[in-house]
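Q: Those protein sequences? They're chains A and B, same order as listed. Counting from 1, position 4 in the first sequence corresponds to residue 4 in this note's numbering; the numbering is continuous, with no gaps. Position in the second sequence (from 1) plus 276 gives the number in this note's numbering. Positions of the beta carbon are idealized from the N, C-alpha and C atoms, including for glycine. Dropping the structure in here first, questions after.
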Amino acid sequence: MTSRRPHLFMSVAAILLSVVVFLVPFAFILLTAVKSRQQASLLDFSWPTRFQLVQNFVDVVQARDYMLIIAFINSTILTVASVSILVVLAAMVAFALQRRRTRWTGLINFLVLSGLIIPPAVVPTIWVLQKLGLFRTMPGLILVEVAFGLSFCILLFRAFIATIPRELDEAAIIDGAGPLRLFFRVILPLLRSVIITVVVVQSVTVFNDFVNPLYFLPGDQNATVQLTLYNFSSQYSTQYNLLFMDILLITIPPLLMFLFFNKRIVAGMTAGAIKG
Amino acid sequence: MTAIVEKSSARSRTRAAGPAGGKRAKSPYPHWFYLPAAIVYGVLFVIPTVTSFYFSLTRWNMFSSKFIGFENYVTFFKEPALVSGLTHTIIYAVVTSGLKVVLGLGLAVLLTSQIIGRGYLRSVVFFPVLVSTIGVGLTFTILMDPEDGLINQSLALIGIQGPGWLTDPSYALLSVALVDVWKGVGLATLIYIAGIVSIPQEYFEAARVDGASAWQNFRSIVLPLARPATFTVILLSLIGGLRSFDLIWAMTRGGPGFTSDVIASVIYKQYQAGFYGLSTAGNVVLFLLVTAIIFPLSRFLNSKEVDL
Chain A
1 MTSRRPHLFM SVAAILLSVV VFLVPFAFIL LTAVKSRQQA SLLDFSWPTR FQLVQNFVDV
61 VQARDYMLII AFINSTILTV ASVSILVVLA AMVAFALQRR RTRWTGLINF LVLSGLIIPP
121 AVVPTIWVLQ KLGLFRTMPG LILVEVAFGL SFCILLFRAF IATIPRELDE AAIIDGAGPL
181 RLFFRVILPL LRSVIITVVV VQSVTVFNDF VNPLYFLPGD QNATVQLTLY NFSSQYSTQY
241 NLLFMDILLI TIPPLLMFLF FNKRIVAGMT AGAIKG
Chain B
277 MTAIVEKSSA RSRTRAAGPA GGKRAKSPYP HWFYLPAAIV YGVLFVIPTV TSFYFSLTRW
337 NMFSSKFIGF ENYVTFFKEP ALVSGLTHTI IYAVVTSGLK VVLGLGLAVL LTSQIIGRGY
397 LRSVVFFPVL VSTIGVGLTF TILMDPEDGL INQSLALIGI QGPGWLTDPS YALLSVALVD
457 VWKGVGLATL IYIAGIVSIP QEYFEAARVD GASAWQNFRS IVLPLARPAT FTVILLSLIG
517 GLRSFDLIWA MTRGGPGFTS DVIASVIYKQ YQAGFYGLST AGNVVLFLLV TAIIFPLSRF
577 LNSKEVDL
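Put into structure tokens, the structure is as follows:
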């Protein structure tokens, strides 16, 4: 910004430092994941003497009766269901909240902000889920993820809906559209770009979530991928190659998201933060 | 962040109260649009939060609860292992958010300057934000191994005897905080980059005409005008830091001893031990701590808004 030509020394220093600080840990994961069990137990940063990529992959997938496969299925169900529900519910709230000012608006805004700030009360949530018969069930966990993710999504949607001209609503109403038609046929399609942002950011968040599955969906059969990591870490204290293969596999979905949607993620995570 | 978002919406809302808002009978924006979200949010967030105040005053086993007054809080504040969780939480939150502000700003300045490999650097700094916290925690637990870990092995090469990062009681909490910064600094950097990019170029041009040095540029333009970004970073990382659990749990499980226990891990331990009332009291303490820090802070920071 200040000088027009690239600063060579700074660039080289920054790139070298970034390799040491940020790339080496990922290289370590990758290398350890393909090592043999004996070599992995040395914990050192070295080139594998024998590559066991396929062998380790098969071993980690087969461990504990294919628990990892079940976990990936569970995590996928959890992520897809909770993010889909989140998008629709949050967009509806954001639309009504942004367009119509009533005496409830202040209260609703307060609740939305509270959801971002206040840490959820864990055991009482379990109690509520138990009363509803949803504790230790996937639908229960899905609803929990929806409840905890709503605030963030509402804020993103609301900021975007503010940029859609109201004349559009009025035109649709004059053409005889009711509220549902207006929302689903006119507004929702216009939200495409922010929906992609919300979906990507929330998918990564829910997929990486460890705390909520730990509390609300305990048990091996229900494990999500983050929990397999946690379970394997005690079981595999002598099989670091498998532990790191698991870490590697779990890193792949966010990596794909990052490669395809880098711009969206960046937009979503900084949105609302800066524009005063 | 939240409060800043709030502003923009307040502005648009006043606009929204225009011509069409008046019709009361049949609004195109019906109240029942709130309903599905309100049910989920009310049942699974508001009710637990409100009832937590009652349950924290009871001895509780899910099926029956017996009112015992403030006994849980007395236990919480008398047991050294539990109180230390409170101080650790504050230390952890302050250290992580402080480092994220400093490093995030530094990196953002670097990554908005003319530098080779800018895109690569931005990606590489940001990517850890998206990686599983547990995965990062387990990886760094291995890297920080006192004997065989890569970090101490490398330090030994240049003749430094590295500490037992996670095994030494006086370093454990700070080591975890460092890993938290490693993982989270990308987000802070991103927010700062957005803030710096939004500063109008005229300021820098005027500064160049006046012959300002790079440091003066930073000191008198970037630092004051990126203030909204600083507020956002501080608030976000404090909120995250105060309720942080998964990284600490993956790396130390609160150990050695209780030296890296934070409130969130105390809550989990008491829950596992079956002390639901005590666990919920921990939750209320965390709630009070967060609200006591975040709400006044966000109000204070917002009162110092700048105009670009």
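In the DSSP output, which residue or residues are listed as bridge partners for B:Trp336?
A: The residue given as residue 336 of chain B occupies position 60 in the second sequence. DSSP output for B:Trp336 lists B:Ser341 as bridge partner(s).
Q: Give me the subset of the segment 515-531 of chain B whose CB atoms are less than 9 Å from a CB atom of chain A, sorted by chain position.
A: From the segment 515-531 of chain B, only Ile515, Leu518, Arg519, Phe521, Asp522, Trp525, Ala526 have a Cβ closer than 9 Å to chain A.
Q: Give me, in chain order, the residues of the same chain whose beta-carbon lies closer than 7 Å to that of B:Arg394; leave out the 5 immediate sequence neighbours on both sides.
A: Counting from 1 along the second sequence, the entry for residue 394 of chain B is found at position 118. Around B:Arg394: Leu387.
Q: In whole angstroms, give me the CA-to-CA distance for A:Ala33 and A:Val19.
A: As a first step, residue 33 of chain A must be located in the first sequence, where it is residue number 33. As a first step, residue 19 of chain A must be located in the first sequence, where it is residue number 19. Answer to the nearest angstrom: the Cα atoms are 19 Å apart.
Q: Report the neighbours of B:Gln437 on chain A: residues whose CB is nearer than 9 Å to its CB, in chain order.
A: To locate residue 437 of chain B, count along the second sequence from 1; it is residue 161. What B:Gln437 touches in chain A: nothing, since even the nearest Cβ is about 18 Å away.
Q: Going along chain A, which residues have a C-beta under 7 Å from B:Ile323?
A: Translated into the one-based positions of the second sequence, residue 323 of chain B becomes position 47. Neighbours of B:Ile323 on chain A, chain order: Val128.
Q: What does the alpha-carbon distance come out to for the pair B:Val542 and B:Thr556?
A: Looking up residue 542 of chain B in the second sequence gives position 266. Looking up residue 556 of chain B in the second sequence gives position 280. One C-alpha to the other measures close to 10 Å.
Q: Here's the rule I'm using: 16 or more other beta-carbon atoms within 10 Å means buried, otherwise exposed. How should A:Gln98 be labelled?
A: Along the first sequence, read from residue 1 onward, the residue named residue 98 of chain A stands at position 98. So A:Gln98 counts as buried.
Q: Between B:Ala505, B:Phe507, B:Ile539, B:Gln437, which lies nearest to B:Ser520 when the distance is taken from Cα to Cα?
A: In the second sequence, residue 520 of chain B corresponds to position 244, counting from 1. Closest by alpha carbon: B:Ile539.
Q: Using CA coordinates, which residue listed in B:Phe331, B:Phe353, B:Leu518 is at the minimum distance from B:Phe343?
A: For the purposes of this step, residue 343 of chain B is taken as residue 67 along the second sequence, with counting starting at 1. B:Phe343 has its Cα closest to that of B:Phe331, out of B:Phe331, B:Phe353, B:Leu518.
Q: Whole-angstrom Cβ separation of B:Thr415 and A:Ile247, contact assumed at under 8 Å?
A: Residue numbering aside, residue 415 of chain B sits at position 139 when the second sequence is read from its first letter. Residue numbering aside, residue 247 of chain A sits at position 247 when the first sequence is read from its first letter. Rounded, the Cβ-Cβ distance is 6 Å, consistent with contact.
Q: Residues of chain C with CB closer than 9 Å to the CB of B:Tyr547, please, in chain order.
A: Chain labels in this structure do not include chain C; the protein chains are A and B.
Q: Mind checking B:His364: buried by the 16 CB within 10 Å criterion, or exposed?
A: Start at 1 with the first residue of the second sequence, and residue 364 of chain B comes out as number 88. When all chains shown are included, B:His364 counts as buried.
Q: Taking Cβ to Cβ, would you say A:Val194 is nearer than 7 Å to A:Phe160?
A: As a first step, residue 194 of chain A must be located in the first sequence, where it is residue number 194. As a first step, residue 160 of chain A must be located in the first sequence, where it is residue number 160. In contact: A:Val194 and A:Phe160 (Cβ atoms closer than 7 Å).
Q: My parser needs the beta strand (DSSP E) runs of 3 or more residues fully inside the segment 79-139 of chain A; what are they?
A: Fully enclosed beta strand (DSSP E) runs of 3 or longer: not present.
Q: For the alpha helix (DSSP H) holding B:Ser408, just list the boundary residues, first then last.
A: Locating residue 408 of chain B in the second sequence gives position 132, where the first residue counts as 1. That residue, B:Ser408, is in no alpha helix (DSSP H); it is neither H nor E in DSSP.
Q: Helix, strand or coil: how does DSSP classify A:Arg185 here?
A: Numbered from 1 along the first sequence, position 185 holds the residue referred to as residue 185 of chain A. Helix, per DSSP.
Q: Whole alpha helix (DSSP H) runs in the segment 451-520 of chain B with 4 or more residues, listed along the chain?
A: Counting whole runs of 4 or more residues, the segment 451-520 of chain B contains the alpha helix (DSSP H) stretches 477-485, 490-493, 503-518.
Q: Got a sec? Which residues, its chain only, sit under 6 Å from B:Ala369 by beta carbon, not counting five neighbours each side?
A: The sequence position of residue 369 of chain B within the second sequence is 93, counting from 1. Excluding residues within five positions, the ones whose Cβ falls inside 6 Å are Leu514, Gly517, Leu518.
Q: Using a C-beta to C-beta distance shorter than 8 Å, which residues of chain A count as neighbours of B:Gly393?
A: Locating residue 393 of chain B in the second sequence gives position 117, counting from the first residue. Correct list: Ser11, Ala14, Ile15.
Q: Pop quiz: B:Val405 and B:Leu463 are said to be a contact at Cβ under 8 Å. What is the actual Cβ separation, rounded to whole angstroms?
A: As a first step, residue 405 of chain B is located in the second sequence; it is residue number 129 there, counting from the start. As a first step, residue 463 of chain B is located in the second sequence; it is residue number 187 there, counting from the start. The pair is a contact, with the Cβ atoms about 5 Å apart (cut-off 8 Å).
Q: For A:Arg50, does the count of other Cβ atoms within 10 angstroms reach 16, so buried, or fall short, so exposed?
A: Looking up residue 50 of chain A in the first sequence gives position 50. Flag for A:Arg50 reads exposed.
Q: Is A:His7 helix, strand or coil by DSSP?
A: In the first sequence, the residue the question calls residue 7 of chain A occupies position 7. Coil.
Q: Check whether the segment 556-572 of chain B and the segment 342-360 of chain B touch, using three or more Cβ-Cβ pairs below 8 Å as the test.
A: Touching, yes.
Q: Counting only runs that start and end within the segment 214-254 of chain A, where is the alpha helix (DSSP H) found for 4 or more residues in a row?
A: Within the segment 214-254 of chain A, the complete alpha helix (DSSP H) runs of at least 4 residues are 225-235.
Q: For A:Val80 and chain B, any beta-carbon pair shorter than 7 Å?
A: Sequence index remark: in the first sequence, residue 80 of chain A carries index 80 (1-based). No, because no Cβ of chain B sits closer than 7 Å to the Cβ of A:Val80.
Q: List, in chain order, every chain A residue whose beta-carbon is nearer than 8 Å to that of B:Tyr230.
A: What is shown of chain B runs 277 to 584, which leaves residue 230 of chain B out entirely.
Q: Taking DSSP as the reference, what is the three-state secondary structure of A:Gln62?
A: Locating residue 62 of chain A in the first sequence gives position 62, counting from the first residue. It is helical.
Q: With a threshold of 6 Å (Cβ to nearest heavy atom), would B:Leu419 be considered close to the ligand COA?
A: Looking for the ligand COA in the displayed structure turns up nothing, as the structure carries no ligands at all.
Q: Hey, would you say A:Leu243 sits closer than 7 Å to A:Phe232, going by beta carbons?
A: Here residue 243 of chain A is taken as the residue at index 243 of the first sequence, counted from 1. Here residue 232 of chain A is taken as the residue at index 232 of the first sequence, counted from 1. Yes, these two residues count as a Cβ contact at 7 Å.
Q: Grab me the residues of A:Ala206's own chain with a C-beta within less than 6 Å of its C-beta, minus the 5 sequence neighbours each way, in chain order.
A: To locate residue 206 of chain A, count along the first sequence from 1; it is residue 206. Looking at the sequence shown, residue 206 of chain A is not Ala but Val. Result list for A:Val206: Thr79, Ser82, Glu145, in chain order.
Q: In terms of residues, what are the limits of the alpha helix (DSSP H) holding A:Glu170?
A: The sequence position of residue 170 of chain A within the first sequence is 170, counting from 1. Looking at the DSSP string, the run of the alpha helix (DSSP H) that includes A:Glu170 is 166-174.
Q: For the segment 26-56 of chain A, which residues have a CB atom closer than 7 Å to at least one CB atom of chain B, in sequence order?
A: Those would be Phe28, Ile29, Leu42, Leu43, Asp44, Phe45, in chain order.
Q: Using a Cβ cut-off of 7 Å, pull out every chain B residue sitting near A:Asn74, in sequence order please.
A: Along the first sequence, one-based indexing puts residue 74 of chain A at 74. In chain order: nothing, as chain B lies at least about 15 Å away.
Q: Considering just the uninterrupted stretch of the alpha helix (DSSP H) at B:Leu387, what are its terminal residues?
A: By one-based count along the second sequence, residue 387 of chain B stands at place 111. Residues 356-388.
Q: I'd like to check one pair, A:Ile187 with A:Ala94: are the Cβ atoms closer than 7 Å?
A: Along the first sequence, read from residue 1 onward, the residue named residue 94 of chain A stands at position 94. Along the first sequence, read from residue 1 onward, the residue named residue 187 of chain A stands at position 187. No, Cβ-Cβ distance for A:Ala94 and A:Ile187 is not below 7 Å.
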